[in-house]
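S.K.: Got a structure for you, questions after.
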Amino acid sequence: MQARYKEFVIRVAKESGLSEEELEKRIKQKQISLGGLVSLEGASLIVASELGIKFDAQRVKVSGLMVGMRNVDILGKITRIYPVKTYKQKDGKEGKIGSFILADDTGSVRVVLWDTMHTALLEEKRLEEGNVIFLKKADVRGTDMKELHLGGKSSIEHSDEVIENVRTSPSSASSSKISEFRDGERTSLRATIVQAFPLKFFPSCPECKKRVTESDGKYYCLVHKEVKEKFLPIINLYIDDGTASVRAIGFLDAVRKLYNLREDEVSDLRSNAVQEEELREKLLGEEFMFDGRVRKNAMMDRIEFVINSANAVDIVALIDELSKATGLE
Ligand SMILES: [Zn+2]
Numbered sequence: 094m095q096a097r098y099k100e101f102v103i104r105v106a107k108e109s110g111l112s113e114e115e116l117e118k119r120i121k122q123k124q125i126s127l128g129g130l131v132s133l134e135g136a137s138l139i140v141a142s143e144l145g146i147k148f149d150a151q152r153v154k155v156s157g158l159m160v161g162m163r164n165v166d167i168l169g170k171i172t173r174i175y176p177v178k179t180y181k182q183k184d185g186k187e188g189k190i191g192s193f194i195l196a197d198d199t200g201s202v203r204v205v206l207w208d209t210m211h212t213a214l215l216e217e218k219r220l221e222e223g224n225v226i227f228l229k230k231a232d233v234r235g236t237d238m239k240e241l242h243l244g245g246k247s248s249i250e251h252s253d254e255v256i257e258n259v260r261t262s263p264s265s266a267s268s269s270k271i272s273e274f275r276d277g278e279r280t281s282l283r284a285t286i287v288q289a290f291p292l293k294f295f296p297s298c299p300e301c302k303k304r305v306t307e308s309d310g311k312y313y314c315l316v317h318k319e320v321k322e323k324f325l326p327i328i329n330l331y332i333d334d335g336t337a338s339v340r341a342i343g344f345l346d347a348v349r350k351l352y353n354l355r356e357d358e359v360s361d362l363r364s365n366a367v368q369e370e371e372l373r374e375k376l377l378g379e380e381f382m383f384d385g386r387v388r389k390n391a392m393m394d395r396i397e398f399v400i401n402s403a404n405a406v407d408i409v410a411l412i413d414e415l416s417k418a419t420g421l422e
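In our numbering, the protein residues as written are 94 to 422.
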């Protein structure tokens, strides 16, 4: 790991024109500015992207796709194929456009095919739902939702790799910096957990998941009247992407992903404060891809981030990918 980090620094130094000493100084400063809770590797990635180092021709996961990326290589499973459509090109000829949904363990994205060589693969059923494929040289476009566009330079290959847990929820198009968060925006970002507060549990209605009120040991839902209460977790964090920190709130799904636990194991934490604390302390300095919504908490007069999903960022794998992309290996 240390050797890989060193190699990464050498590569980034070369590309940025900074000396290795200067770069390492910046990386350490970045680490300190994040409260010393980010790994050197994590800090080096942040500094590299701040320096505008472009990792072209990189292999990425769906959650790592950002509008504007070009020549992206990506592995995924086809979860849905749409019929090929025809359209009139500018020159009056008939063009074809194909599309399907590609998913990996971080999310799903619509893939759009513009080349007749590629649309033929769909028409001839050489690409089918469930196939694991490797796309090369795709471009990321989109306004509301991200899309992968494949043209003549791109290629599609079948792959033997196995993808077990595909995520079918699409990832949102925007990806913004915490310092630029706007009330109401939906966004995804990579950020480090810099503070985590003890898990809280609130009684909820098993039907509608809304908070219930207690009276004489009985629980009442506004809609479903007296119910058997179910305790759901809520987590409060501060996350930091290098531009700023923001208060973040997550519910059951987020807690499961962050603590890497099953639902019943999360419930057990309610009566096991020691284990909860141990797990919580491990969160500090960990990086995740967060997806969610920015909201203004009027009462506290602050911007907050409501986590929809959280996926661990595998720094080692990421550096591996970036290294390959920049020709280190
Ligand atoms: Zn209810």
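We put the beta carbon where it would ideally sit given N, CA and C, even for glycine.
Quick caveat: nothing in here was measured; it's all calculated off a predicted structure.
Count the other CB atoms within 10 Å of the CB of Q368; is the residue buried (16 or more) or exposed (fewer)?
M.R.: Exposed, because fewer than 16 other Cβ atoms sit within 10 Å of the Cβ of Q368.
S.K.: Nearest to F290 by alpha carbon, out of E250, E240, V348?
M.R.: Per the Cα distances, V348.
S.K.: Alpha carbon to alpha carbon, what distance is there between R373 and E379?
M.R.: About 11 Å.
S.K.: Do you know how far the Cα of E222 is from the Cα of I64?
M.R.: Because residue 64 is not part of the residues shown, which for the chain are 94 to 422, the question remains open.
S.K.: With DSSP run on the structure shown, which of helix, strand or coil describes Q288?
M.R.: Correct three-state label for Q288: strand.
S.K.: Which residues have their C-beta within less than 6 Å of a heavy atom of ligand 1, listed in chain order?
M.R.: In chain order, the qualifying residues are C298, E300, C301, K303, C314, V316, H317.
S.K.: Pull up the CB-CB distance for A196 and K170, whole angstroms please, since I reckon it's below 8 Å.
M.R.: 6 Å between Cβ atoms; contact.
S.K.: Beta carbon of L351, beta carbon of L325: below 9 Å?
M.R.: Against a cut-off of 9 Å, the Cβ pair of L325 and L351 comes out as no contact.
S.K.: Can you give me the Cβ contacts of Q124 inside the same chain, cut-off strictly under 7 Å, excluding the 5 residues immediately before and after it?
M.R.: These residues qualify, in order along the chain: V131, L133, A136.
S.K.: Would you please state the rounded distance, in angstroms, between the beta carbons of F383 and S281? I believe it to be under 8 Å.
M.R.: With 8 Å as the limit, F383 and S281 qualify as a contact, their Cβ atoms being about 7 Å apart.
S.K.: Whole angstroms is fine: what's the gap from D118's alpha carbon to T209's?
M.R.: The amino acid occupying residue 118 in the given sequence is Lys; Asp does not appear at that position. Those two C-alpha atoms are separated by around 51 Å.
S.K.: Can you tell me where the beta strand (DSSP E) with D333 in it begins and where it stops?
M.R.: Per DSSP, D333 belongs to the beta strand (DSSP E) from 323 to 333.
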